[in-house]
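Protein chains in written order, with my numbering: chain A, 1 to 211; chain B, 212 to 422; chain C, 423 to 633. Idealized CB from N, CA, C, for every residue including glycine.
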Amino acid sequence: MNLALTLHYLDLLGTVVFAITGLLAARRKQLDLFGAIVIAMVTAIGGGTLRDLIIDVPVFWTQDDLYIYVVVVTTLLFFFLARYKRLPVKMLLFLDALGLAVFTIIGTQKAMELGFSDPISIMTGIMTGVVGGMIRDVLVGEVPLVLRREIYATASFIGASAFLLLIEFGMDYETVVIVSILLTLAIRVLAIMAHIELPVFISYKAPLNSE
Amino acid sequence: MNLALTLHYLDLLGTVVFAITGLLAARRKQLDLFGAIVIAMVTAIGGGTLRDLIIDVPVFWTQDDLYIYVVVVTTLLFFFLARYKRLPVKMLLFLDALGLAVFTIIGTQKAMELGFSDPISIMTGIMTGVVGGMIRDVLVGEVPLVLRREIYATASFIGASAFLLLIEFGMDYETVVIVSILLTLAIRVLAIMAHIELPVFISYKAPLNSE
Amino acid sequence: MNLALTLHYLDLLGTVVFAITGLLAARRKQLDLFGAIVIAMVTAIGGGTLRDLIIDVPVFWTQDDLYIYVVVVTTLLFFFLARYKRLPVKMLLFLDALGLAVFTIIGTQKAMELGFSDPISIMTGIMTGVVGGMIRDVLVGEVPLVLRREIYATASFIGASAFLLLIEFGMDYETVVIVSILLTLAIRVLAIMAHIELPVFISYKAPLNSE
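Right under this line is the structure:
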């Protein structure tokens, strides 16, 4: 299997899992079928859309109908399956972690290929990974997952950096893609399971609006 | 009257009505004149701006001052008229439906003209129709209209699909534009009046955060 | 000191102060280090990113790593300093006013240089000034500052207009930049201090959701 194909399959996988996180959010809010498709769509293609606008290449889903179909079919399947089967409680968090990992590395890779510098490729990777979920959370009125305490953007940052570093070390391209996706996923999943957190600002025990 | 002119007038009509929905939201939140202009502006030009960025054409309002003037004048007129006259209760919903219909068809048409495929043109149309209102609702802290239960994105989807289908059937272009706008509007208004809703996810009567 | 350099330094200053307003918001919400970087980043580069996408030039921070480094270093410094020292209460509002002033004028100038008309350059300036803060406020779940009652977008509008007017009068370019930034800042700060407000919509003393 060649690299381009691997990346394409991973991209579709990321699209499916992010669509499902959108659908889980939609179900919590009791949205109807089309509201659910809207949320699934922005979650799945939001990050990549912003990435392509910023690095100034044609927006990926306007070049290939497949992405739209994937989101629509995922929604229809999920929508009716959800009536018979209940997904485990932590599913949203795990799928979101997988989407984060896949999209981070694809975003980093795409910017690097175009010749952007390392910091900019990392920024682009993080953006691809976190923006879809941010829009999802804002739309359903929740504080974005990325801003809550468990390591989130951190996992994305480490994964993107590892990707660039391993490429520099001359490791086989396809292996680097897989390794850095698994690394990102592992960090995020460990953080979820162990509630590992970064330091927060010292609280002054002040009332919330006193600043 | 030729087609380009019809579309241009419809576009301005959509701009005015979406600006007014922004102003109605601004009034509910007791915003001042400039806060009101900001909301009116993002509601009226948000969807078309994202559309133009994604299909990679110059953003429409940067090519023609008229759109900005239309929003500003609409705001000033409305702002002072609103002191003397109260708009009927369901006005926001109806104007929003009209804006949705007009912008959906214009967005679909613009992408189709550029040679994008049918699914992508439909996506572009829906996006043009719903994004301005979504930003408006998020900014004033409400759950976006498009995510509430009555048929909304559904109307936009049916309108966009009808537009492409009727064009394929060889119907006169200008008639198709008018017919598909009226169809979108009719579906949405009927849904509002009759509270017609699509199926929602089965509720497990579980507490909201149990997932 | 020549103009290009002045603008570049001012741009970096705006980046630092907007990053800090993001960090102050992050601290109020007890975000961790990476959540804080995310908020600081979108606040500092959000407005300019949208501006560059709309006027169709390469997004500024993809052309120069410096902006990303500035936000990251600002965050790290602030994050640890914040443990020892408490910033005065009105700091967020003042820094936000400075960022608003600097970014408004830079945005207006950039669009004008590209040959856009006056109303469009003003729109671009206001957008550059207010969008980063709007995203910051939406992400942390607050009503955007720009929509609250004290003169905000108004200050941005007056500053952008003054900039174009003074250029037209043939005043020295660099002086115009400085004067119009100070003007914007002065209006906004005075509005904060004196609670000067624009007229709001007449309240009908109606319950909030009656419309």
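Review point. Which residue comes first and which comes last in the alpha helix (DSSP H) that contains Ala402 (chain B)?
Key: 384–405
Review point. Near Thr270 (chain A), what residues of its chain come up, given a Cβ to Cβ distance below 6 Å and the 5 sequence neighbours on each side ignored?
Key: Past the edges of chain A, shown from 1 to 211, lies residue 270 (chain A), and the structure says nothing about it.
Review point. In chain A, which residues lie less than 8 Å from Val349 (chain B) when you measure between Cβ atoms?
Key: Val138, Leu139
**Study point:** Inter-residue CB distance, Arg473 (chain C) and Met549 (chain C) (contact presumed, cutoff 8 Å)
**Key:** 6 Å
Review point. Are Ala97 (chain A) and Arg27 (chain A) close, meaning C-beta to C-beta below 8 Å?
Key: no
Point to revise | Which of helix, strand or coil DSSP assigns to Asp474 (chain C) | key: helix
**Study point:** Interfacial residues, the region 101–127 of chain A to chain C, with Cβ spacing under 7 Å
**Key:** Phe116, Ser117, Pro119, Ile120, Met123
Check your understanding: When DSSP labels each residue in this structure, what does Asp64 (chain A) get in the three-state scheme?
Key -> coil
Check your understanding: Is it the case that the Cβ atoms of Ile482 (chain C) and Tyr491 (chain C) are separated by a distance below 8 Å?
Key -> A quick correction: the sequence has Phe, not Ile, at residue 482 (chain C). The answer is no: Cβ separation not under 8 Å.
Review point. Are Thr260 (chain B) and Phe229 (chain B) touching if we call contact CB-CB under 8 Å?
Key: no
Exercise for review: Please check if any C-beta of chain B sits within less than 8 Å of the C-beta of Pro58 (chain A).
Suggested key: yes
Exercise for review: Give the residues of chain B in contact with Thr49 (chain A), contact being defined as C-beta atoms less than 8 Å apart.
Suggested key: Ile265
Review point. Using Cβ-Cβ distances below 8 Å, what residues of the region 152–173 of chain A are close to chain C?
Key: Tyr152, Ala153, Thr154, Phe157
Exercise for review: Could you tell me whether any non-hydrogen atom of the ligand SAM is closer than 7 Å to the CB of His430 (chain C)?
Suggested key: As presented, the structure is devoid of all ligands, the ligand SAM included, so that no description of it is given.
Review point. Taking C-beta to C-beta, are Phe94 (chain A) and Tyr363 (chain B) nearer than 8 Å?
Key: no
Check your understanding: In chain B, which residues lie less than 7 Å from Val568 (chain C) when you measure between Cβ atoms?
Key -> Gly246, Val249
Review point. Does Val354 (chain B) get closer than 8 Å to chain A when you measure Cβ to Cβ?
Key: yes
Point to revise | Euclidean distance between Cα positions of Arg359 (chain B) and Ile39 (chain A) | key: 12 Å
Exercise for review: For the alpha helix (DSSP H) holding Leu445 (chain C), just list the boundary residues, first then last.
Suggested key: 425–450
Check your understanding: What in chain A is Cβ-close to Tyr491 (chain C), meaning under 8 Å?
Key -> Pro119
**Study point:** Identified DSSP bridge partners for Asp96 (chain A)
**Key:** Answer is none; Asp96 (chain A) lacks a bridge partner.
Practice item. Would you kindly report the start and end of the unbroken alpha helix (DSSP H) that includes Ile331 (chain B)? Key: 329–350
Check your understanding: Does the beta-carbon distance from Thr497 (chain C) to Ile120 (chain A) come in below 8 Å?
Key -> no
Check your understanding: Mind pulling the chain B residues with CB within less than 7 Å of Asp65 (chain A)?
Key -> Ser328, Pro330, Ile331
Exercise for review: Could you say which of A:Leu7, A:Met91, A:Leu3 lies nearest to Leu23 (chain A) if we only look at CA atoms?
Suggested key: A:Met91
Practice item. Output, in sequence order along the chain, the residues in the region 232–243 of chain B whose CB is closer than 8 Å to any CB in chain C. Key: Leu235, Ala237, Arg238, Arg239, Lys240, Gln241, Leu242, Asp243
Check your understanding: Can you give the Cα-Cα distance for Leu377 (chain B) and Gly555 (chain C), rounded to whole angstroms?
Key -> 44 Å
Exercise for review: Alpha carbon to alpha carbon, how far is Ile467 (chain C) from Gly551 (chain C)? Give it in angstroms, no decimals.
Suggested key: 10 Å
Point to revise | Extent of the continuous alpha helix (DSSP H) run through Ala504 (chain C) | key: From DSSP, Ala504 (chain C) is part of no alpha helix (DSSP H); its letter is neither H nor E.
Review point. Between Thr484 (chain C) and chain F, is there a C-beta pair that is closer than 8 Å?
Key: Checking the listed chains, one finds no chain F in this structure; the protein chains it contains are A, B and C.
Check your understanding: In angstroms, rounded to a whole number, what distance separates the CA positions of Phe500 (chain C) and Phe80 (chain A)?
Key -> 49 Å
Review point. What are the boundary residues of the alpha helix (DSSP H) that includes Glu142 (chain A)?
Key: Premise fails: Glu142 (chain A) is in no alpha helix (DSSP H) and is neither H nor E.
Check your understanding: In its own chain, which residues sit with a C-beta less than 6 Å from the C-beta of Val342 (chain B), not counting the 5 before and 5 after it?
Key -> Gly257, Gly258, Leu261
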